[in-house]
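If you read the sequence shown in the numbering used here, its first letter stands for residue 120, the second for the next number, and so on.
From the three backbone atoms N, C-alpha and C, an ideal C-beta is built for every residue, glycine too.
To start, the structure under review is shown below, and the notes come after it.
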Amino acid sequence: MSDSPFQVLVIDDEAVVRELTIRALDHEGFECSPAINGEQALKMLDMKDYDVVVTDLRMPNVHGHALAVDLLAREKRPLIYVVTGVVEPKLAKDLLTRGIDDVFFKPVDHEMLAVKIAARLELQSNRLASVT
């Protein structure tokens, strides 16, 4: 990864899941910010650019699907990883077809999530470096 840590926004209304995700990502060298729901996340995303967003689907206020669709429409969009406790194949397929980066079903292997994100960011950085 680069000298400057990648910024990750972790959104989950379940504190335990949010903290486990942050701990795994911190271990990989990411700088994480927590959000407890989609509404808070949208406010944070309007104030700062994040490299990665990890979001739950079923949350109060703004549903994770609506949040992901909003992020996909942004000019500078982060990598988007959805984590959900409800196996919803149609919803997962819809999000993947729209362009999110991956879907994980709970219980999540947080280490694998962190490794996949790190690998994707490294690949993305290498592609950018080869273009410039």
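Going along the chain, which residues of its own chain have a beta-carbon closer than 7 Å to the beta-carbon of residue i, five neighbours each way excluded?
i    : result
M120 : The predicted position of M120 is uncertain, since its pLDDT is 45 and thus under 50; no value can be drawn from it.
L139 : H229
M163 : L128, S152 and A154
F224 : T203 and V206
A187 : T174, I199, V201, L214 and I219
L247 : none
Output needed for residue i: all residues of its chain with C-beta closer than 6 Å, excluding positions within five of it in sequence on either side, in chain order.
i    : result
S249 : none
D213 : none
V227 : V202
R137 : V129, D131 and P153
V222 : V201 and A211
My guess is that residue i and residue j are in contact by the Cβ rule of under 8 Å, so how many angstroms apart are they, rounded?
i    : j    : result
A143 : E207 : The Cβ separation is near 24 Å, so there is no contact.
Y200 : V171 : 7 Å
D71  : K195 : As shown, the chain starts at 120 and ends at 251. That puts residue 71 outside it, with no answer to give.
Would you say the beta carbon of residue i is closer than 7 Å to some non-hydrogen atom of the ligand GTP?
i    : result
T203 : Annotation note on the ligand GTP: not contained in the displayed structure, which lists no ligands.
Which one or two residues does DSSP pair with residue i in a beta bridge?
i    : result
V206 : V206 pairs with nothing; no bridge assigned.
I155 : Beta-bridge pairing links I155 to no other residue.
V129 : P153 and V173
Could you name the residues of the same chain whose beta carbon sits closer than 8 Å to that of residue i, not counting the 5 residues immediately before and after it, in chain order?
i    : result
P124 : G148, F149 and E150
G183 : I130, G157, T174, D175, L176, R177, V201 and T203
L191 : I199, R217, G218 and I219
The stretch 130–137 contacting the stretch 171–191, beta-carbon criterion three pairs below 8 Å: They touch, by the three-pair rule.
Secondary structure, alpha helix (DSSP H): runs of 4+ residues fully inside the stretch 162–225: Counting only runs of 4 or more, we get 183–191 and 208–217.
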